[in-house]
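Quick note: the sequence shown, position 276, residue 263 per the working numbering, numbers continuous.
A virtual CB, placed ideally from N, CA and C, is assigned to each residue, including glycine.
Beneath this line is the structure, given in structure tokens, with notes to follow.
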Amino acid sequence: MRRALLALLFLAATPASAATVAEAEALLKARDPRAAGAVAPLLAAKPRDPAVRVLQTRVLLQQRKAKDALEFAEETVEMAPDYAPAHYWLGNAFGARIGQVGMLSQASMAPKIRASFQRALDIDPNLHAARIGLVEFYLQAPGIVGGSVDEARRQADELKRRDPPYGHYARARVLAKEGKEAQARQAYLAAHAARPEQAEFRMAAGLAHQQSGDWERSFAIFEAWTREDPKAAGAWYQIGRAAALSGQRLEIGADALRRYLSLPAAVGDPEPKHAWYRLGQVLVHAGDKAGARAAFQQALKADPKFAEPKAELAKL
-12 MRRALLALLF LAATPASAAT VAEAEALLKA RDPRAAGAVA PLLAAKPRDP AVRVLQTRVL
48 LQQRKAKDAL EFAEETVEMA PDYAPAHYWL GNAFGARIGQ VGMLSQASMA PKIRASFQRA
108 LDIDPNLHAA RIGLVEFYLQ APGIVGGSVD EARRQADELK RRDPPYGHYA RARVLAKEGK
168 EAQARQAYLA AHAARPEQAE FRMAAGLAHQ QSGDWERSFA IFEAWTREDP KAAGAWYQIG
228 RAAALSGQRL EIGADALRRY LSLPAAVGDP EPKHAWYRLG QVLVHAGDKA GARAAFQQAL
288 KADPKFAEPK AELAKL
């Protein structure tokens, strides 16, 4: 009996086995709040391992700590200058940080985004996410800091050669920039048809259906996504957005937006104020003026200068 008790005490005092890099990465991909706790012991055990350090950069980005993520990513690149993912995530960190700094800092930071993605591709030309990063840079950056639709098109052509679904997606981004919405929509749908499980292709296809007013197909994409992955925050938001814009599936849309607001935020997801605004729109459609008023007020509590909910409140 005494031996059994000692064994139980030993087990209770023994920490659970640490997550592997793959397990921690899976938690990050799922935006699981346990990801930070899984990465921390890995980083403590291997503080100079570039794969582990990339995971920590991603944790910081998901926590919306762009400044910390950038500093950490820069250190990682110094430690592992030939590790392509380190450069790719440095580019993402610059991208997350650039909107938080002044115009002069933005002008000096923008070329570093391009350089980071380009260096990742110099090391690994098949790191397609980095090439997509370059496409986005060329499409969004002003010409004075290196923006160029022609360069974006060139990268899209290279992606088409190396990975056709990514090529469709990149081509769609270029076509959308050129105002060729119908052609862009077809390219988004081609990417999704070729690789329906890929998150950015799913999102793009669902949004393309929204843009064309094909609400049934948009709802179908996002509802299937949330059935497969209940933590897919962006899909929940888009169900609510579709309800707000179409006036359809109002109860489902309201529930989806509330679900979105309960999930951990991540870089790239709409800010909570937008979810409150869309919830208010859904409740207006449903005839719930009191609920709509409360939702619009929550949006304004997050951002007192948010013009759209102000205008909606004035109508109630």
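Assigned secondary structure, residue i (DSSP; H/G/I helix, E/B strand, else coil)
i      : result
ARG84  : helix
SER135 : coil
LYS276 : helix
GLU295 : helix
VAL64  : helix
ARG30  : Checking the sequence, you will find Leu at residue 30 rather than Arg. Of the three classes helix, strand and coil, the one that applies to LEU30 here is helix, per DSSP.
GLN185 : coil
TYR70  : coil
GLN50  : coil
ARG160 : helix
THR7   : coil
ALA17  : coil
LEU303 : coil
GLN285 : helix
ARG236 : coil
LEU121 : helix
LEU358 : No information on residue 358 is available, as it lies outside the stretch -12 to 303 that the chain covers here.
Among the options, nearest to residue i - alpha-carbon criterion
i      : options                       : result
GLN142 : VAL88, GLY130, HIS155         : HIS155
HIS74  : ALA13, MET190, VAL136, LEU114 : LEU114
GLU123 : ALA94, ASN79, ILE131, GLY89   : ASN79
ALA97  : THR63, ARG172, VAL64, GLY120  : GLY120
Cβ pair residue i, residue j closer than 7 Å
i      : j      : result
ARG45  : LEU15  : yes
HIS244 : LEU266 : Sequence check: residue 244 is Leu here, not His. Yes, the Cβ-Cβ distance between LEU244 and LEU266 is below 7 Å.
ALA117 : ALA107 : yes
GLN197 : ALA229 : yes
GLU295 : TYR264 : yes
ARG172 : PRO152 : no
ASP256 : GLY227 : no
VAL161 : ALA139 : yes
Residue interval of the alpha helix (DSSP H) (run including residue i)
i      : result
GLY200 : Unbroken run through GLY200: none, as it is neither H nor E.
ALA230 : 220 to 233
GLY166 : Element bounds for GLY166: n/a, residue is neither H nor E.
ALA107 : 90 to 110
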